Amino acid sequence: MESNQLNLFPDVKSTPARRAETLVMDANALLKWKAQIFEYQQRMRETKPVQQVTLFDLAPAHCDPEAIDPFKLHLQSMAFYRIPDNFGQAALYFVIDSAASLVLYVGETCQSNKRWRGTHGCKDYISSYQDLHYRYQIETAVNIGFWWDAPVERKARQTLEQAMIQKWRSPFNKEMWEKWGQPFG
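All letters in the sequence shown, in the order written, are residues 1 to 185 by my numbering.
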């Protein structure tokens with residue numbers, strides 16, 4: 001069957017485009033990258049926040065970012081959304097590599113079971129992160145922890161999420177790509 005489309009350049013032979021070779025972080029670079037994040041996050045865990053003195057006894061803020069320690073949360077498998085329990089409530093969640101004591105990602109949701117069931121960019125970063133660890137036989141244990149006391153109101157929950165991203169500087173959050181790079185994107 002002959003095409004009816006005009007061919008303006010009949011003498012030009014098409015050649016497939018060459019794809020750029022994907023660069024892969026070597027083991028030393030991976031360990032150095034993780035060490036920098038670990039050192040920063042450990043300082044955050046060990047440094048007590050400055051307490052502002054007030055003239056009046058005020059009730060502490062319900063959602064004080066300084067009071068939330070992602071490493072003390074009950075961790076679950078990343079396949080948590082397949083569990084039939086009802087996880088349809090407001091929460092902050094933390095993706096943690098517990099083998100390296102790193103907060104990799106901070107998120108907020110009020111439908112956690114549905115949020116991870118579909119497409120979520122962080123899933124790809126986690127997969128690439130784990131693949132690189134397997135390649136170099138470096139231990140990794142990526143899990144998720146939920147902080148269930150998050151505000152139900154979306155704006156307040158997102159404000160708290162941003163405070164946690166800024167505090168922990170979680171490398172898989174886009175806000176931190178400039179700081180840590182995007183080696184798994």
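From the three backbone atoms N, C-alpha and C, an ideal C-beta is built for every residue, glycine too.
Treat the numbers as computed from the prediction; the structure is a model and nothing was measured.
| message | By the DSSP assignment, the alpha helix (DSSP H) with Phe38 in it spans what residues? | response | 27–46
| query | Cα separation between Gln42 and Glu153? | reply | 31 angstroms
| said: Rounding to the nearest angstrom, what Cα-Cα distance links Asp149 and Lys179 in this structure? | reply: 29 angstroms
| query | If we ignore side chains and look at the alpha-carbon of each, how far apart do Ala29 and Cys110 end up? | reply | 37 angstroms
| said: Could you pull the DSSP bridge partners for Glu108 from this structure? | reply: Leu92
| What's the C-alpha gap between Asp64 and Phe94? | 16 angstroms
| Excluding five sequence neighbours on each side, which residues of the same chain lie with their C-beta closer than 6 angstroms to the C-beta of Phe184? | Tyr125, Ser128, Tyr129
| request: Hey, could you find the ends of the alpha helix (DSSP H) Ile126 is sitting in? | output: 121–135
| Is it the case that the Cβ atoms of Leu102 and Ile37 are separated by a distance below 7 angstroms? | yes
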